[in-house]
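Final position of the sequence shown in the working numbering is 820; the numbers increase by one with none missing.
For each residue, glycine too, the CB sits at the ideal point set by N, CA and C.
Remember, it's a predicted structure, so these values are computed and weren't measured experimentally.
Working notes for the structure below.
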Amino acid sequence: AVQMLVVCHVCPTRSRLAGSARTLEFAASMCSVTRTEAEQKEFKGVDRWTSKELQFWICGHADGRLSFAAPFFANLNGKKMAIEWSGDVDKRMEAAGGTRQDALELF
Numbered sequence: 714a715v716q717m718l719v720v721c722h723v724c725p726t727r728s729r730l731a732g733s734a735r736t737l738e739f740a741a742s743m744c745s746v747t748r749t750e751a752e753q754k755e756f757k758g759v760d761r762w763t764s765k766e767l768q769f770w771i772c773g774h775a776d777g778r779l780s781f782a783a784p785f786f787a788n789l790n791g792k793k794m795a796i797e798w799s800g801d802v803d804k805r806m807e808a809a810g811g812t813r814q815d816a817l818e819l820f
């Protein structure tokens, strides 16, 4: 990983105020880029969810109204759910006692 150190000089005099403000803006922009990169690195997309994470999401979806169906999706992870055919989601939801509307909401 590449790391960079930036040393900024800020002068408190009135005649150097504009330059100091630009320096501080530059330093702040460098910090925000680094923060954005860190947040993106930590992001875990749906396609990388485990089976347990998928079930947890189903339990929390629609204020928990569809939690009864989570066990019927236990053999899927996020990637498999992302490519699951809508008809198969319908069948799983029907087996769980849900409706087609529930399946569409989940899909």
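Remark: fewer than three beta-carbon pairs, one from each stretch, lie closer than 8 Å, so the region 728-743 and the region 775-793 are not flagged as touching. Inclusion of Phe-785 and Leu-767 in the CB contact set at 9 Å is not warranted, their separation being larger than that value.
Nearest C-alpha to Asn-788 among Trp-762, Cys-724, Ala-775: Trp-762. Looking at the backbone, the Cα of Asp-801 and that of Lys-757 are separated by about 25 Å. Rounded to the nearest angstrom, the Cβ distance from Met-743 to Val-719 is 6 Å, consistent with a contact under 8 Å.
In the three-state reduction of the DSSP assignment, Glu-752 falls in the helix class, which pools H, G and I. Fully contained in the region 786-816 is no beta strand (DSSP E) run of length 3 or more.
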